[in-house]
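Here the structure comes first, spelled out in structure tokens, and everything after it is commentary.
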Amino acid sequence: MKRAYQVEMAVIRNYTRQLFGLGIFVAACTCVGMQSLAGAPGVLTCMYFIMGALATSAYDEQNNWGLYRLAMPFNRHEVVLARYGAIATIGLIGMAAGMIGALALSAIATVAPLPGDLSATLGLTQDNIQAMVFSCALCAIVGSGVAAIETPIYLRFGQTKATQWIPMISVLLFISPAIILGATGGLGNFAGIADTIRGIFAFIETPVGAAVSLVVALAVSAIILGISAAISLALYDRREL
Amino acid sequence: MSPMASDSTIPAAPLIDARSLTKHYDGFSLQDVNLTVDEGEVVGFVGQNGAGKSTTIKALLGIIELDGGEARVLGTDAHDLGHTSAGARTKEEIGVVFDTVSVPGHLRVADVGHVHALAYSTWSQHIFNRLTRAFALDPAKQVKDLSRGMGMKLSLACALSHGARLLILDEATAGLDPMARDEVLDLLRGFVEAPGHAVLMSSHITSDLEKIADRVVCIEDGRIVFNLAKDEITDEMGIARCRACDFETICASGIIPEREIRYRKHDYGIDLLVPDRFAFAENFPNIPVDHMTIDDYLTLTLKGGVR
Chain U
152 MKRAYQVEMA VIRNYTRQLF GLGIFVAACT CVGMQSLAGA PGVLTCMYFI
202 MGALATSAYD EQNNWGLYRL AMPFNRHEVV LARYGAIATI GLIGMAAGMI
252 GALALSAIAT VAPLPGDLSA TLGLTQDNIQ AMVFSCALCA IVGSGVAAIE
302 TPIYLRFGQT KATQWIPMIS VLLFISPAII LGATGGLGNF AGIADTIRGI
352 FAFIETPVGA AVSLVVALAV SAIILGISAA ISLALYDRRE L
Chain L
4 MSPMASDSTI PAAPLIDARS LTKHYDGFSL QDVNLTVDEG EVVGFVGQNG
54 AGKSTTIKAL LGIIELDGGE ARVLGTDAHD LGHTSAGART KEEIGVVFDT
104 VSVPGHLRVA DVGHVHALAY STWSQHIFNR LTRAFALDPA KQVKDLSRGM
154 GMKLSLACAL SHGARLLILD EATAGLDPMA RDEVLDLLRG FVEAPGHAVL
204 MSSHITSDLE KIADRVVCIE DGRIVFNLAK DEITDEMGIA RCRACDFETI
254 CASGIIPERE IRYRKHDYGI DLLVPDRFAF AENFPNIPVD HMTIDDYLTL
304 TLKGGVR
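These protein sequence lines are chains U and L, in that order.
Those letters in the first sequence? Residues 152 to 392, per my numbering, in order.
Those letters in the second sequence? Residues 4 to 310, per my numbering, in order.
What follows is the structure, given as structure tokens:
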């Protein structure tokens, strides 16, 4: 398992570096739109989970790498578990890179005089840090959720014309509840649970709450990926390349 | 009798032992394929495109599930190769080359060595470096920038650098220039001379098999058509170039058993498969008989008429 994981990481290593450049660009656009650095770590977390799952599956198709790997000294379970290990690692790398980058930029904004009220907006304040942590937490669930849907399908069918729609469909699945809520008047329609949800959000807005949200999100991500891995193990066992 | 003496009398188990392999797909079936590769042997696996060579190789490696039959490679059941830890360990001793360089294109030659070093506990970086130097492979070059020939050389370098006992090569010499093919064949000769080693090599380039194979197995439409010692084809058999009237005389003579007369008609005459060209030459000294090549034998067997 360890060797299969190392091979997976060796193959994806260059892509992970390249993804950082793209992630910075997308994060920068998000930050300009939001007028805040808070979303940057979340963008990178989400991107790394989703693109990690996509890219590792794409490499399987290149030059029949997925076929050749089965001729290497790994069994199929090791291949699947290594894949999930790599996706989780890449997601966490994205989260760490996003947090470090955003905190560094916040620190610079705090000490360097920036035009307008940018120093105050981007500065290293408790609110900003909590928002960054929560964005990581939320995006870890979305990113690992999309990866958890994509990966069993790719491991069973490979990347085909049909399966290329899976990332978009799974992202829509995640954002559609928010779109529906927004279009139908938000939580006001759900009087019974609205107070509970407001209470949760109030807790998340505290320092402890933000930290707990991240721990819970990572635990949920681990469970989601674990369930997905169990499905993938069964599906990849029957895959014929 | 001492145990050692007893061991020496027991023939070594085949490195590949496949019996009655059966696999059905829509429009194609592998049917009752039997194939063995013994220690010290180079077995050439030939057949037309889509005949079932790659499917057989995948079945041997446990990459596809069989509908029937049994395959053992280095004593391990083919299914276990893909599904158990013991099977995975067995694959340390199997070098595989498919018909393309089988690693993602962005990896550099040096990265490919690194990936294999991570995968194989028996990996020899020294051998890999020596082979890549001998093949003039630039360590900094990306796989996607390699020509097909250079890519195949890289694949061979990988297969030969982890102490494999068995090489399974699927069209490994395709795309190589004649000089490079000779280099590769020399390497394979050296490989198979080591005790306990063997090679199964599928190829369309039958001239390579004439140089190196001990046995030739032909598959057609998913069935084994022949399995013969290479020398039987190239040294004993012949191809008689006869006229139509000669052909009738030969058929009537009974030198070739009924229903085993294989021939191919041309505008200028008939090519006839002769099982023993020396006996034939004694009986028909006026009819020219050429050496049989594997290509000729394939053509006469697969496309020739039978009488």
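Virtual Cβ for every residue (Gly too), placed ideally from N, Cα, C.
Given the structure is predicted, the values throughout are model-derived calculations rather than measurements.
{"Check": "Short CB-CB distance (under 8 Å) between L:F101 and chain U", "Outcome": "yes"}
{"Check": "Distance between beta carbons of L:M204 and L:G47, contact taken as under 8 Å", "Outcome": "6 Å"}
{"Check": "Cβ-Cβ separation, U:A260 to U:L269 (assumed contact under 8 Å), whole Å", "Outcome": "6 Å"}
{"Check": "Length of the line joining the Cα atoms of L:I297 and L:I171", "Outcome": "20 Å"}
{"Check": "Straight-line gap, L:G154 to L:G90 (C-alpha atoms, nearest Å)", "Outcome": "28 Å"}
{"Check": "The region 131-148 of chain L in contact with the region 58-67 of chain L per 3-pair CB rule at 8 Å", "Outcome": "no"}
{"Check": "Chain-ordered chain L contacts of U:N215 [CB-CB under 8 Å]", "Outcome": "F101, T103, S105"}
{"Check": "With 16 other Cβ atoms within 10 Å as the buried cut-off, status of L:I97", "Outcome": "buried"}
{"Check": "Selection from L:V45, L:N37, L:L121, L:E174 that minimises the alpha carbon distance to L:G199", "Outcome": "L:V45"}
{"Check": "Pair within 8 Å by beta-carbon distance, U:N226 and L:G78", "Outcome": "no"}
{"Check": "Where L:L140 sits in the DSSP three-state scheme", "Outcome": "coil"}
{"Check": "Where L:F101 falls: helix, strand or coil (DSSP)", "Outcome": "coil"}
{"Check": "First through last residue of the alpha helix (DSSP H) which encompasses U:Q277", "Outcome": "277-308"}
{"Check": "Which residues DSSP lists as bridging L:G241, in chain order", "Outcome": "L:V277, L:H294"}
{"Check": "L:A8 to L:A15 span [Cα, whole Å]", "Outcome": "With a pLDDT of 44 at L:A8, under the threshold of 50, the modelled position of that residue is not reliable, and no figure is offered here."}
{"Check": "L:N286, buried or exposed, once every other Cβ within 10 Å from all chains shown has been counted against 16", "Outcome": "exposed"}
{"Check": "Segment limits, beta strand (DSSP E) that includes L:Q34", "Outcome": "31-40"}
{"Check": "Neighbour flag for L:I66 against chain U, beta carbons, 8 Å", "Outcome": "yes"}
{"Check": "Meets three-Cβ-pair contact criterion under 8 Å: the region 241-256 of chain U and the region 310-330 of chain U", "Outcome": "no"}
{"Check": "Separation of L:L212 from L:R192, as counted between CA atoms", "Outcome": "12 Å"}
{"Check": "Check whether L:R267 and L:T304 have beta carbons under 8 Å apart", "Outcome": "no"}
{"Check": "Residue-chain proximity (L:Y123, chain U), Cβ-Cβ < 8 Å", "Outcome": "yes"}
{"Check": "Cβ separation of U:G159 and U:Q310, assumed to be a contact under 8 Å, to the nearest whole Å", "Outcome": "Going by the sequence as given, residue 159 of chain U is Glu instead of Gly. Not confirmed; about 16 Å, so no contact."}
{"Check": "Cβ-based neighbour list, U:L205, same chain, cut-off 7 Å, excluding 5 preceding and 5 following", "Outcome": "E301, P318"}
{"Check": "Cutoff 6 Å; reference U:Y387; Cβ partners in own chain excluding five residues on either side", "Outcome": "R227, V231, L306"}
{"Check": "Residues, ordered as in the chain, of the region 179-211 of chain U that lie near chain L by beta-carbon distance below 8 Å", "Outcome": "Y210"}
{"Check": "Beta-bridge partners of L:K268, as assigned by DSSP", "Outcome": "L:I273"}
{"Check": "The region 352-364 of chain U: positions lying closer than 8 Å to chain L by Cβ", "Outcome": "none"}
{"Check": "Extent of the continuous alpha helix (DSSP H) run through L:D211", "Outcome": "209-215"}
{"Check": "Nearest residue (CA-CA) to L:Y28, options L:G53, L:M295, L:H119", "Outcome": "L:G53"}
{"Check": "In DSSP terms, what L:Q128 is bridged to", "Outcome": "The partner list for L:Q128 (beta bridge, DSSP) is empty, contrary to what the question assumes."}
{"Check": "Minimum Cβ-Cβ distance from L:H86 to chain U less than 8 Å", "Outcome": "yes"}
{"Check": "Below-8 Å beta-carbon distance, L:D114 vs any chain U residue", "Outcome": "yes"}
{"Check": "Assigned secondary structure, L:V106 (DSSP; H/G/I helix, E/B strand, else coil)", "Outcome": "coil"}
{"Check": "U:A334 to U:S327 span [Cα, whole Å]", "Outcome": "10 Å"}
{"Check": "Start-to-end residues for the beta strand (DSSP E) that takes in L:I19", "Outcome": "19-28"}
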